[in-house]
Structures are given as structure tokens and as C-alpha cells.
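Numbering (the working numbering), first residue to last: 26 to 174.
One structure below.
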């Protein structure tokens with residue numbers, strides 16, 4: 026029986042296309058404990074054609090495209106400890122964007138940029154909020170931001 030989906034892939038698979046995709050894969054493995062799925066497929070010139078890394082239950086595809094065709098990603102990753110993951114990423118050379126902090130929508134999150142220009146947002150879920158409460162908190166946050174402008 027043929028399946029409509031490869032057994033080694035997630036239903037939705039983000040693709041990160043950066044010049045040195047192998048270094049990004051190493052970064053993802055180091056920071057998130059990602060595992061390479063299968064064997065990377067290389068081009069004749071030695072650059073990466075395609076590879077996948079699994080983080081938790083999700084695969085991310087990596088590709089080293091021809092010059093001028095890079096497409097860095099913006100990936101939101103749920104982790105057990107946003108602070109520890111953030112610090113591990115910075116220690117691995119990532120540029121901090123925002124230290125993890127409590128958010129009005131019930132998450133504790135922050136982000137960083139890796140050396141290839143990909144932005145990673147790490148989040149630890151803190152609490153489930155009812156829709157009405159999230160809406161109210163969003164309006165309060167907007168009002169607070171408007172006062173700071």
C-alpha cells in the first residue's frame with residue numbers, strides 16, 4: 026500500500042535554505058537535540074542538496090541553495106526550558122533578540138538569530154487562558170505599548 030506521505034516526514038515540514046546549511050543543522054542538533062533523519066543528499070560540488078533534522082515530533086528540511094536564493098527561516102519551537110535553550114543557543118554563537126519572558130497569551134518565550142540568519146523563537150507553555158481573557162490581555166498590552174510610543 027502506498028501512503029500519501031513519506032513515513033519519515035511530518036505533515037508540515039518547514040524548509041530552511043541557507044548557504045551553510047550543514048552548520049545550521051549542527052546548531053539545531055546542539056541547541057535543540059535534533060537528530061538527522063536518513064542520509065543527507067549532497068550535490069556534485071559538495072554542497073547540501075537536502076537533509077532533514079527531527080526536533081521532537083517535527084522535521085525541518087535543510088538545503089544549501091545557489092548563491093542569491095537563500096531563504097532563512099523563522100521557526101517557533103516549544104521547549105521544556107526556554108531559558109536554558111536560549112542560553113545554550115547564545116553560547117553556541119546565536120545573537121540574542123529577546124530574552125525569554127512571560128507573555129500575555131500564557132507562554133514564556135524569547136528569541137535569537139543563528140549565524141545563517143534564521144530566527145528561532147523558543148517557548149515554554151505556562152498556562153491555558155480562555156479566549157476572552159487572551160483578548161482582554163491583548164488590549165491591555167496594546168494600550169501599554171501605545172503609552173511607550
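Every residue gets a Cβ at the ideal spot worked out from N, C-alpha and C, and that includes glycine.
It should be emphasised that the depicted structure is a prediction, and the values quoted were computed from it without experimental measurement.
Original post:
Taking only runs of the alpha helix (DSSP H) that begin and end inside the stretch 27–63, which ones reach a length of at least 4 residues, in chain order?
Top reply: List check, alpha helix (DSSP H) in window: 46–57.
**OP:** Helix, strand or coil for residue 89, going by three-state DSSP, please let me know.
**Re:** Note: residue 89 maps to coil in three-state DSSP.
Original post:
With a cut-off of 8 Å, do at least 3 Cβ pairs link the stretch 130–138 to the stretch 65–83?
Top reply: Taking one beta carbon from each stretch, the stretch 130–138 and the stretch 65–83 have fewer than 3 pairs nearer than 8 Å; the two do not touch.
Original post:
How many angstroms separate the CA atom of residue 76 from the CA atom of residue 51?
Top reply: So the alpha carbons of these two residues sit roughly 12 Å apart.
Original post:
Looking only at C-alpha atoms, which of 35, 106, 97, 158 sits nearest to residue 79?
Top reply: For the residues 35, 106, 97, 158, the minimum Cα distance to residue 79 belongs to 35.
Subject >> Limits of the unbroken beta strand (DSSP E) element including residue 79 >> reply: Residues 73–80.
**OP:** Compare the Cα-Cα distances from residue 65 to each of 98, 86, 169 and report the closest residue.
**Re:** Selected option, being the one with the closest Cα: 86.
Subject >> As assigned by DSSP and simplified to three states, the class of residue 134 >> reply: If DSSP states are grouped into helix, strand and coil, residue 134 belongs with the strands.
Subject >> Beta bridge counterpart(s) of residue 148 as assigned by DSSP >> reply: Answer is 103, 134.
Original post:
Start and end of the alpha helix (DSSP H) containing residue 156?
Top reply: The continuous alpha helix (DSSP H) containing residue 156 extends over residues 156–173.
Original post:
With a CB to CB cut of under 6 Å and the five nearest residues on each side skipped, what residues in its chain are close to residue 47?
Top reply: Cβ neighbours of residue 47 beyond the five flanking positions: 73.
Original post:
Tell me, which residues are paired with residue 96 by DSSP?
Top reply: BP columns for residue 96 point to 42.
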